[in-house]
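All remarks here apply to the structure that follows.
Numbering (mature numbering (1 follows the signal peptide of the UniProt record, and there is no 0)), first residue to last: -28 to -1, 1 to 251.
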């Protein structure tokens, strides 16, 4: 037979334990004004993902502080949080490791899913870039073996680099002619042009001269010739390096492109050319 003394002692102990457990539960309960575990996990995942993107951007550009602050503000404002409020919430969760541990597990799961999605998006972007590069390469009708050259004073060939390309069989909306020019030590030429002469089916022609900046840094020069349906271009000739041949020229020309623009492509508006001619 159980004594009454023992029974009362057991009841008091049980009540004490219940009170202690209840107080622990209240202490570990997320405050009402704070986001609950699942939502906080999503917030942390967004913040960590943003930090990862910013870190990658900083590898390419050091002065990223203003951009970084803007990105953080965008993420926090999405959840109606200020930086001060966010710091307070983080402090509370880290002070309750048993809850924060569960939140952290959810963050890892969310970031893993985000990374998988991001990798698929990056893969699609890379594939699209490669597809566009291949199409652009196919439209470049300048001989591949002659897309880079150095013009020096000792050269005996025509240092104006003339070209003459028949385009009568191409169905196009225009042409882009471009190259990177880098003038080297010893160059004495001050006036240099990229000259383009489109010749039309009615025997008329136009002459376009684009002044090439004479600098020691590599700079791109580009001319676009846009044709109308009513008058087809049959031939394009000109000079990559039109200059006074009495002057000493020393220049490196690379990435030469003579690209036709198919009908329907919007390359003219997208690439913002430096020269545009419409017959």
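Think of the CB as a built atom: it goes at the ideal place given N, C-alpha and C, for glycine as much as any other residue.
Since the structure is predicted, the reported quantities are computational estimates derived from the model, not experimental observations.
Helix, strand or coil for residue i, going by three-state DSSP, please let me know.
i, result
"residue 163", "coil"
"residue 70", "helix"
"residue 224", "strand"
"residue 253", "Residue 253 falls outside the range modelled here, since the chain spans only -28 to 251, and no answer is possible."
"residue 51", "coil"
"residue 235", "coil"
"residue 103", "helix"
"residue 148", "strand"
"residue 92", "helix"
"residue 156", "coil"
"residue 12", "helix"
"residue 4", "coil"
"residue 24", "helix"
"residue 41", "helix"
"residue 193", "strand"
"residue 123", "strand"
"residue 184", "coil"
"residue 204", "coil"
"residue 168", "strand"
"residue 142", "coil"
In whole angstroms, give me the CA-to-CA distance for residue i and residue j.
i, j, result
"residue 83", "residue 98", "22 angstroms"
"residue 215", "residue 43", "50 angstroms"
"residue 191", "residue 142", "29 angstroms"
"residue 133", "residue 41", "51 angstroms"
"residue 64", "residue 19", "17 angstroms"
"residue 116", "residue 57", "60 angstroms"
"residue -23", "residue 72", "Note that residue -23 scores 45 on pLDDT, short of 50, meaning its location in the model is unreliable and no value can be drawn from it."
"residue 8", "residue 62", "12 angstroms"
"residue 219", "residue 188", "17 angstroms"
"residue 254", "residue 22", "In the structure as shown, the chain begins at -28 and stops at 251. Residue 254 is therefore absent and cannot be evaluated."
"residue 51", "residue 14", "10 angstroms"
"residue 126", "residue 120", "18 angstroms"
"residue 153", "residue 108", "21 angstroms"
"residue 28", "residue 66", "27 angstroms"
"residue 25", "residue 91", "13 angstroms"
"residue 205", "residue 198", "9 angstroms"
"residue 225", "residue 96", "33 angstroms"
"residue 235", "residue 124", "39 angstroms"
"residue 39", "residue 157", "40 angstroms"
"residue 45", "residue 104", "35 angstroms"
"residue 68", "residue 106", "55 angstroms"
"residue 4", "residue 49", "19 angstroms"
"residue 70", "residue 10", "14 angstroms"
So, using beta-carbon positions, are residue i and residue j closer together than 9 angstroms?
i, j, result
"residue 228", "residue 118", "yes"
"residue 196", "residue 233", "yes"
"residue 145", "residue 194", "no"
"residue 94", "residue 12", "no"
"residue 155", "residue 223", "yes"
"residue 211", "residue 129", "no"
"residue 221", "residue 159", "yes"
"residue 101", "residue 230", "no"
"residue 184", "residue 170", "no"
"residue 217", "residue 111", "no"
Do you know whose CA, among the options, lies nearest residue i's CA?
i, options, result
"residue 168", "159, 178, 42", "178"
"residue 2", "25, 60, 158", "60"
"residue 200", "6, 13, 106, 172", "172"
"residue 140", "153, 162, 113", "113"
"residue 54", "213, 6, 10, 147", "6"
"residue 85", "17, 69, 65", "17"
"residue 163", "186, 127, 77, 218", "186"
"residue 213", "73, 52, 122, 23", "122"
"residue 174", "153, 152, 203", "203"
"residue 182", "176, 148, 66, 157", "148"
Using a Cβ cut-off of 9 angstroms (strictly closer), state whether residue i contacts chain D.
i, result
"residue 60", "Although the question refers to chain D, the structure presented lacks it and comprises just one protein chain."
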